[in-house]
C-alpha cells in the first residue's frame, strides 16, 4: 500500500478552518450591544426676584463589544425642554431654552459629551452654560432601536459657569 500525504491539501484545509473560526468570532466581538441612555439635566437660575428651574433630556446611543468597551457613539438627541418660574409672575416670565452638542468623545466604557444650554429670559438676559455628561455602558438603558423609547436614569452631570452673558434692552 502506498500512502502519499498531500501537505498542500492539508495546509489549505487548516487555513480554511482557521478562517471560518475567525469569521464566526469577529461579528460577536464587534457589536455585543447597543443601548439608548437618557440623562436629565436640571439647572436653577436666579433672575431679578425670580427663581427659574430648567430641565432638558439628553439621549445618547452607545454601541459596545463583549468587553463592554464602547466602539461607537451617536450624537446627542435633546427633548423635554421645560422651565418653571417661582414666584409665579402675574405678567408671566417667559424663557427660551436652546441646546446643542459641543463635543463628544469615548474611551473604554465611558462616553463624554459636552452640551451647551442657552438660556434666554424675556429677551433681556441671555447666557450659555456648558454641561459635561458622562455615559457608561453600565448605565441602565433601553436596547438601541429606531423607536423613540425613552428611559430616565440618574447621571453624572457637571455644570459649568454661565458665560457669553448679554443684557439686552
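In mature numbering (1 follows the signal peptide of the UniProt record, and there is no 0), the protein residues as written are -30 to -1, 1 to 139. Cβ atoms here follow ideal geometry from the backbone N, Cα and C, with glycine treated the same way.
Let me know the secondary structure DSSP gives residue 120 once reduced to three states.
For residue 120, the pLDDT reaches just 45, beneath the cut-off of 50, and the residue's location in the model is therefore unreliable, leaving the point undetermined.
Classify residue -26: buried if its beta carbon has 16 or more other beta carbons within 10 angstroms, exposed otherwise.
exposed
So which of 77, 73, -22 has the shortest CA-CA distance to residue 86?
73
Between residue 17 and residue 38, what straight-line distance do the alpha-carbon atoms span, to the nearest angstrom?
Rounded to whole angstroms, residue 17 to residue 38 spans 44 Å at the Cα level.
Can you name the residues that DSSP bridges to residue -21?
BP columns for residue -21 are empty, so no partner.
For residue 7, count neighbouring Cβ atoms within 10 angstroms of its own Cβ and tell me buried if that reaches 16, exposed if not.
buried
Taking the straight line between their C-alpha atoms, what separation do you get for residue 95 and residue 57?
18 Å
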